[in-house]
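S.K.: Counting from 1, position 264 in the sequence shown corresponds to residue 265 in the working numbering; the numbering is continuous, with no gaps. Backbone N, C-alpha and C define an ideal beta-carbon position, used for all residues, glycine too. None of these values were measured; they are calculated from a predicted model. This is the structure, below, for whatever I ask next.
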Amino acid sequence: MNKLAISMTKFQKGMSLVELMVALVIGLFLSAGVFTMFSMSSSNVTTTGQFNQIQENGRIALAIMERDISQLGFMGDITGTDFVVGVNTTVDAAIPPTGTDCIGAGLNNASLPNNQPAHFRRLWGYENGLSAQSLACLSDVRDKTDVLQIKRFIGPSVAAGDVSGYYVSTTSSQAIFFNNGTPSANLTNGRIWEYQHHVYFIGNDANGIPVLRRKTLTSTGMSNDEQLVEGIENIRVLYGFDNDGDSTPDSYMPAASVTSLMWDNEGFQRLVALKVHVLIRSVQPDSSYTNETQYLLGDKVINAPNDHFRRKVMSTTIVLENPVLIRS
């Protein structure tokens, strides 16, 4: 063996123990960095997904209610006129014995007009748990959430005969409420409209998830309970009244501040708009997140929940196309 070969053999060495330990430490740091990046990426995906879900659920909930509320007070040919049973109104229909009616506060606030000497309420609301009056047809309503009751006709008008549910035949001076058939009289130049009575409220589902729900009048009464949008945890409705006749709300107030005279259109104020505020909650918790945020829901403060659900407040102002409390 020559000297060059001996020299090369002599200096061919592996890694020392110190070098190996340094390499392992560097590898650990790199692995920890990669793991942290993946963890942060996963957390960001969860956060973004929940906020997108919250935003979409809030948008859908407000869109459903806005479409309904904006048409509040539409009563076909007799819009703007109060229903007076025995004078301009006949009620052929009745809530079936097997059905349930949602009867609100006031003398004349069931699904159908009655012969009480009081205005037929097309709108009423209250805060569950704080109001002395409530709708007995509802159960499992979340505490300190608003309930909203509205009544209106649905356009366009329909042909007589093949109808199922509650309908009203009207002219500009007469109305006949009937159910599953034809009205008791044929009104000259009359048109027939589907009649709608809705009650919006918040209730939990079987898994404890808050859901925006709606009672709807059907041929069997107010027994149809729809689950509309999940994650809607609270709702606050503020009522905008015009006090000077310019069709612009001069003040917004909660249901507790609306007097019986105002609900019954016996005061000088006229309801022209509603502000609807919703608090939306993520459906699933995130154990890495603690919610310590205080929320302002209209005029109401929601204290920090200190749980693991993300939330967001969304709102909309709904201008009534057919102001319902028109002075008569």
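Go through its chain and collect everything with a Cβ distance to V273's Cβ below 8 Å, but skip five positions before and after it.
M.R.: G241, F242, D243, S248, T249, P250, V320, L321, P324
S.K.: Can F84 and T91 be called in contact, C-beta distance under 7 Å?
M.R.: no
S.K.: Just how far apart, CA to CA, sit L326 and N266?
M.R.: Any reading at L326 must be qualified, since the residue scores a pLDDT of 43, below 50, and its modelled position is unreliable; no value is offered.
S.K.: Just the Cα atoms here: how many angstroms apart are L297 and R237?
M.R.: Cα to Cα, the separation comes out at about 10 Å.
S.K.: Rank R192, H198, K145 by C-alpha distance to the C-alpha of T101 and give the top, closest one.
M.R.: H198
S.K.: Would you check if the distance between the CB atom of G191 and the CB atom of S170 is smaller than 7 Å?
M.R.: Yes, the pair counts as a contact, with Cβ atoms nearer than the cut-off.
S.K.: Give me the Cα-Cα distance between G246 and R271, rounded to the nearest whole angstrom.
M.R.: 8 Å
S.K.: Between A94 and V230, is the Cβ-Cβ spacing less than 7 Å?
M.R.: no
S.K.: What residues are listed by DSSP as bridge partners for F202?
M.R.: R214
S.K.: When you compare the region 110-121 with the region 134-147, are there three or more beta-carbon pairs, one atom per stretch, that lie closer than 8 Å?
M.R.: No contact exists between the region 110-121 and the region 134-147.
S.K.: What does the alpha-carbon distance come out to for the pair H120 and M66?
M.R.: 24 Å
S.K.: Just reading off the beta strand (DSSP E) that M1 is part of, what are its end residues?
M.R.: Past the edges of the chain, shown from 2 to 329, lies residue 1, and the structure says nothing about it.
S.K.: What three-state label does DSSP hand L113 in the structure shown?
M.R.: coil
S.K.: Here's the rule: buried if 16 or more other CB atoms are within 10 angstroms of the residue's CB, otherwise exposed. What is Q295?
M.R.: exposed
S.K.: If you draw a straight line from the C-alpha of D287 to the C-alpha of Q134, how long is it?
M.R.: 38 Å
S.K.: Please say whether L280 and V314 have beta carbons closer to each other than 7 Å?
M.R.: yes
S.K.: Whose C-beta lies closer than 8 Å to the C-beta of S158 among residues of the same chain, with five residues either side of it excluded?
M.R.: G77, R192, I193, W194
S.K.: In terms of residue numbering, what span does the beta strand (DSSP E) encompassing L275 cover?
M.R.: 271-282
S.K.: How far does the alpha helix (DSSP H) with L262 in it reach, from first residue to last?
M.R.: 261-264
S.K.: In terms of residues, what are the limits of the beta strand (DSSP E) holding R311?
M.R.: Note, R311: premise wrong, no beta strand (DSSP E); not H, not E.
S.K.: Output yes or no for whether 7 Å exceeds the beta carbon distance between N187 and Y167.
M.R.: no
S.K.: Checking the sheet assignment: what are the DSSP bridge partners for E227?
M.R.: R215
S.K.: Please say whether V277 and T317 have beta carbons closer to each other than 7 Å?
M.R.: yes
S.K.: Using DSSP bridges, identify the partner residues of A176.
M.R.: T90, T171
S.K.: Using the Cα positions of P184 and G50, report the straight-line distance between them to the nearest angstrom.
M.R.: Per the coordinates, the alpha-carbon of P184 lies some 52 Å from the alpha-carbon of G50.
S.K.: Assuming Y127 and V148 are in contact, meaning their beta carbons sit under 8 Å apart, how far apart are those beta carbons, in whole angstroms?
M.R.: 6 Å
S.K.: Helix, strand or coil: which one does DSSP assign to Q150?
M.R.: strand
S.K.: Roughly how many angstroms separate the alpha carbons of M223 and V284, rounded to a whole number?
M.R.: 28 Å
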